[in-house]
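Chemist:
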Amino acid sequence: MTQGNHRDLAQLSLEFLQARHRLMGYLVGLLGDGYTAEDILQETWLRLARAHEKGVEIEDVIPWSRGTARHLVQHHWRKKGKKHELVNSDLLDLVDMSFEENEQNEIDGSRRDALRLCLSQLPKNSLSLLNMKYEEGLSFKAIAVKLERSPSALMMNLSRIRTKLGECVERRIRFEEFSWT
Amino acid sequence: METWTRLREGEDVSAQDQDALKEWLSSKDHRRTFQDGLMLEGHLSVLLSEMPHMTAKETVDEPVTPTMPRETSTLSPTLIDSYHFPWKAVGSIAALLILTFSLYYMGELFQPSDKEIIGKVFAFDGNPKVERNSVKWPAILSLKSRAGDRVVTDSNSHLELELEDGSLLWLGPNSSLLVSSDFELSQRLRLESGSLHLEVEKRQQPLLVSMDTMTIEVLGTRFSVKHRISDGLEQVHLQEGRVSVSLQEKHEHLLEPGQVAQLTKGEPFSISDKTPFKIAEGKVLSVSPTHLKLIEPEGERHSFKLPRSNPELTHRSDLSFKPIVGQNLKVTYIDGPNRIIHLKPLNPKNRATSL
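Chains as they are written, first to last, in my numbering: chain A, 1 to 181; chain B, 1001 to 1355.
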């Protein structure tokens, strides 16, 4: 019997919660939409609980959850009706590979704090754009209509905001590295 | 990333662009960069959902002033209409007082001034103060710091200032910094006491940082300064680039990265390499600071916990960690922030290394 069967649902749930940020990174990366990503993350946990109930051996929660999440994302794309280029693309395998190879590449607590601080210091309009994209899950086309801008200009704008955030986080981390002792 | 963004939005992307993305992702390094970007998006999504919700009222092009704490308050019509209730009258008076104070405060701090703007408050912890015209005001975000201001922190506060040229200044706890006027075409900061860390953008005119005796001339670099009143310690630790240090504005000394220039009462001026810990290649030994808690090779998960009482660190076979020269180590302090330190050869004869 493998270790998987010995673990109870509470233990699996804890591991799932600990991997929440990583899984959200994967899902938001695939979907570009935090709202749907959150839904799929919850559905993934439900599937995990059901699988455990049925006695399925889950040795490693993260790859299992990522695999399930990927199927759910593909299902979501199919359900939307429109032919989605990524549904059967081998690019998805490359994305999976990037997560498998960098399993330990998790933004640690200090980076998350730095990101939180940098976010809080963004101008309102930048924060608003990030919210529309990552929290409300609007497509660039929908945001473009709302703001009367072109989708490509918004895409570039968002890319600039992400770069600025990345620089801000690095700057904060460098400050954190400085010891006062 | 743009091709990926368009793909996941369900847009039609040419086979050529898709192939180019596949080609790019065939490199392990690129996959790492790609995953970094996706993880950032994931964290953004989680953090944004934790922040107070914002509605998209502003257009993206419209410049928006960074959020300021609500210092001014307005009287609501309801409050004025119901003046005949005594408790509300008290409320009205209090609100008026707050309004008056706020206006005075804002007026004092934001009044037009011919004094040069040095930078703005970027972030702070605790309750740092900005002293202007002999009055101490609590620091607020985006407050413009002008020549002549004195920034003061207590033991529980720090303050970050972004200078006009994008340089960054981090004032540590228990510190006092005087931002002086621009004379001789140089900006001058005077660290009266405490500690200061700076990341100075490359500049034409030098930035001068002075203490009682030492003056540091900077043209773009990263360094830390400490000024302790009790024993007259004045110290400069250069992390990157070059700075020159002079005593009483004479005897100029050039510092190399990693060097510390120090002056204490009763002791001669010295320049030394900062070697706070020693480490042997293949083994980890003699970690001297007692506040060191955890040390790990960058990119690996192994970690070592060090008790305060016994900071000696020995190689643990179960963690199969062998530090090698050139390796970066992440060090976490019990009382302080993380640091990434680079292992450098210390003594080629016995192959010991320093951190």
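Every residue gets a Cβ at the ideal spot worked out from N, C-alpha and C, and that includes glycine.
(1) Can you find the residues in the same chain that come closer than 7 Å, C-beta to C-beta, to A49(A), ignoring five residues on each side of it along the sequence?
(2) V1225(B) and L1171(B) - do their beta-carbons sit closer together than 8 Å?
(3) Buried or exposed: which applies to M1039(B), given that a residue is buried once 16 or more other Cβ atoms fall within 10 Å of its Cβ?
(4) Less than 8 Å between the CB atoms is what I'm expecting for G1119(B) and E1050(B), so what's the real figure, rounded?
(5) What is the C-beta distance between E1199(B) and S1167(B), in whole angstroms, given that I count them as a contact (C-beta under 8 Å)?
(6) Using a Cβ-Cβ cutoff of less than 8 Å, which residues in the same chain neighbour E43(A) once the five nearest sequence positions on both sides are dropped?
(7) Looking only at C-alpha atoms, which of S1270(B), R1222(B) and L1159(B) sits nearest to F1122(B)?
(8) Would you kindly work out how many angstroms separate the C-alpha atoms of E1162(B) and L1169(B), rounded to a whole number?
(9) Checking contacts by CB at 8 Å: is V1046(B) closer than that to chain A?
(10) How should T68(A) be labelled, buried or exposed, when 16 other C-beta atoms within 10 angstroms of its C-beta is the threshold for buried?
(11) Tell me where the beta strand (DSSP E) around K1120(B) begins and ends.
(12) In chain order, what residues of the region 1016-1046 of chain B put their CB closer than 8 Å to some CB of chain A?
(13) Evaluate contact between the region 1029-1045 of chain B and the region 92-105 of chain A, counting only Cβ atoms and requiring at least three cross-stretch pairs below 8 Å.
(14) Just to make sure I have the definition right: I need the residues of chain B whose C-beta is within less than 7 Å of the C-beta of H21(A). Which are they?
(15) Among all the DSSP beta bridges, which residues are the ones paired with Q1235(B)?
(16) For the region 78-97 of chain A, enumerate the residues whose C-beta is nearer than 9 Å to any C-beta of chain B, in chain order.
(17) Mind checking the region 153-169 of chain A against chain E and listing, in chain order, the residues whose C-beta falls within less than 9 Å of any C-beta there?
(18) Quick one: using the 10 Å Cβ neighbour count with 16 as the cut-off for buried, is G32(A) buried or exposed?
(19) Over what stretch of residues does the alpha helix (DSSP H) that includes K146(A) continue unbroken?
(20) Answer yes or no: do H1253(B) and V1260(B) have a C-beta to C-beta separation smaller than 8 Å?
(21) Determine, using beta-carbon pairs with one atom in the region 1006-1016 of chain B and one in the region 157-174 of chain A, whether at least three such pairs fall under 8 Å.
(22) Quick one: residues in its chain with C-beta nearer than 6 Å to the C-beta of Q1204(B), no 5 flanking neighbours on either side, listed in chain order?
(23) Between the alpha carbons of L1025(B) and R149(A), how many angstroms are there, rounded?
(24) Taking C-beta pairs closer than 7 Å, name the residues in chain B that F99(A) reaches, listed in chain order.
(25) Can you give me the C-alpha to C-alpha distance between L119(A) and E38(A), rounded to a whole angstrom?
(26) Hey, would you say R198(A) sits closer than 8 Å to I173(A), going by beta carbons?
(27) Only counting the same chain, and skipping five residues up and downstream in sequence, which positions put a Cβ closer than 8 Å to that of L41(A)?
(28) Just the Cα atoms here: how many angstroms apart are I1216(B) and H1043(B)?
(29) Look up G166(A) in the DSSP assignment and say whether it is helix, strand or coil.
(30) What are the residues that DSSP puts in a beta bridge with T1215(B)?
(31) Determine the burial state of S152(A): buried for a count of at least 16 other Cβ atoms within 10 Å of its Cβ, exposed for fewer.
(32) Can you name the residues that DSSP bridges to I1271(B)?
(33) Quick check on E1023(B): does DSSP put it in helix, strand or coil?
(34) Distance cutoff 8 Å, beta carbons only. Does S1180(B) sit that close to anything in chain A?
(35) For V28(A), decide whether its Cβ has a neighbour in chain B, counting only Cβ atoms nearer than 8 Å.
(36) For chain B, find out if any of its Cβ atoms is closer than 8 Å to the Cβ of A114(A); answer yes or no.
Modeler: Based on what the coordinates show:
(1) On the first sequence, position 49 is the one that residue 49(A) refers to. Only L9 meet the Cβ criterion.
(2) One-based indexing of the second sequence puts residue 1171(B) at position 171. One-based indexing of the second sequence puts residue 1225(B) at position 225. No; because the gap between Cβ atoms is not below 8 Å, this pair is not in contact.
(3) As a position in the second sequence, residue 1039(B) is number 39, starting the count at 1. With 16 or more Cβ atoms within 10 Å of its Cβ, M1039(B) is classed as buried.
(4) Taking the second sequence and counting its residues from 1, the one referred to as residue 1119(B) is at position 119. Taking the second sequence and counting its residues from 1, the one referred to as residue 1050(B) is at position 50. The Cβ separation is near 30 Å, so there is no contact.
(5) Here residue 1199(B) is taken as the residue at index 199 of the second sequence, counted from 1. Here residue 1167(B) is taken as the residue at index 167 of the second sequence, counted from 1. Confirmed, Cβ separation roughly 6 Å.
(6) Counted from its first residue, the first sequence places residue 43(A) at position 43. Excluding positions up to five away in sequence, the list reads L72.
(7) By 1-based counting over the second sequence, the position of residue 1122(B) is 122. Answer by Cα proximity: L1159(B).
(8) To locate residue 1162(B), count along the second sequence from 1; it is residue 162. To locate residue 1169(B), count along the second sequence from 1; it is residue 169. Computed Cα separation, rounded: 6 Å.
(9) Reading the second sequence from its first residue, position 46 is the one you call residue 1046(B). So, interface residue.
(10) Locating residue 68(A) in the first sequence gives position 68, counting from the first residue. So T68(A) counts as buried.
(11) Reading the second sequence from its first residue, position 120 is the one you call residue 1120(B). Counting along the chain, the beta strand (DSSP E) containing K1120(B) begins and ends at I1117 to D1125.
(12) Q1018, L1021, K1022, L1025, S1026, K1028, R1031, R1032, F1034, Q1035, D1036, G1037, L1038, M1039, L1040, E1041, G1042, H1043, L1044, S1045 and V1046
(13) yes
(14) Locating residue 21(A) in the first sequence gives position 21, counting from the first residue. Neighbours of H21(A) on chain B, chain order: G1042, H1043 and V1046.
(15) Translated into the one-based positions of the second sequence, residue 1235(B) becomes position 235. K1226(B) and Q1262(B).
(16) K80, K82, K83, H84, E85, L86, S89, D90, L91, L94, V95 and M97
(17) Protein chains A and B are contained in the structure displayed, whereas chain E is not.
(18) Taking the first sequence and counting its residues from 1, the one referred to as residue 32(A) is at position 32. Classification of G32(A): buried, given that the 10 Å Cβ count is 16 or more.
(19) By 1-based counting over the first sequence, the position of residue 146(A) is 146. Element bounds for K146(A): F140 to L147.
(20) Counted from its first residue, the second sequence places residue 1253(B) at position 253. Counted from its first residue, the second sequence places residue 1260(B) at position 260. For H1253(B) and V1260(B), no; Cβs fall outside 8 Å.
(21) no
(22) On the second sequence, position 204 is the one that residue 1204(B) refers to. Result list for Q1204(B): empty, nothing under 6 Å.
(23) In the second sequence, residue 1025(B) corresponds to position 25, counting from 1. In the first sequence, residue 149(A) corresponds to position 149, counting from 1. L1025(B) and R149(A): Cα-Cα distance of roughly 31 Å.
(24) Reading the first sequence from its first residue, position 99 is the one you call residue 99(A). Those are Q1035, listed as they occur along chain B.
(25) In the first sequence, the residue the question calls residue 119(A) occupies position 119. In the first sequence, the residue the question calls residue 38(A) occupies position 38. Distance between the alpha carbons of L119(A) and E38(A) is about 20 Å.
(26) The displayed coordinates of chain A run from 1 to 181. Any statement about residue 198(A) would go beyond what the structure contains.
(27) Numbered from 1 along the first sequence, position 41 holds the residue referred to as residue 41(A). So the qualifying residues of the chain are R20, L23, M24, L27 and A69.
(28) Here the question's residue 1216(B) lines up with position 216 in the second sequence. Here the question's residue 1043(B) lines up with position 43 in the second sequence. Approximately 40 Å, taken between the alpha carbons.
(29) Counting from 1 along the first sequence, the entry for residue 166(A) is found at position 166. Helix, per DSSP.
(30) Residue mapping note: residue 1215(B) aligns to position 215 of the second sequence, counting from 1. Bridge partners of T1215(B): S1210(B) and S1246(B).
(31) Translated into the one-based positions of the first sequence, residue 152(A) becomes position 152. Classification for S152(A): exposed.
(32) On the second sequence, position 271 is the one that residue 1271(B) refers to. I1271(B) pairs with A1261(B).
(33) Here residue 1023(B) refers to the residue found at position 23 of the second sequence. It is helical.
(34) Reading the second sequence from its first residue, position 180 is the one you call residue 1180(B). So, not an interface residue.
(35) Locating residue 28(A) in the first sequence gives position 28, counting from the first residue. Yes, V28(A) counts as interfacial toward chain B.
(36) Indexing the first sequence from 1 puts residue 114(A) at position 114. No, because no Cβ of chain B sits closer than 8 Å to the Cβ of A114(A).
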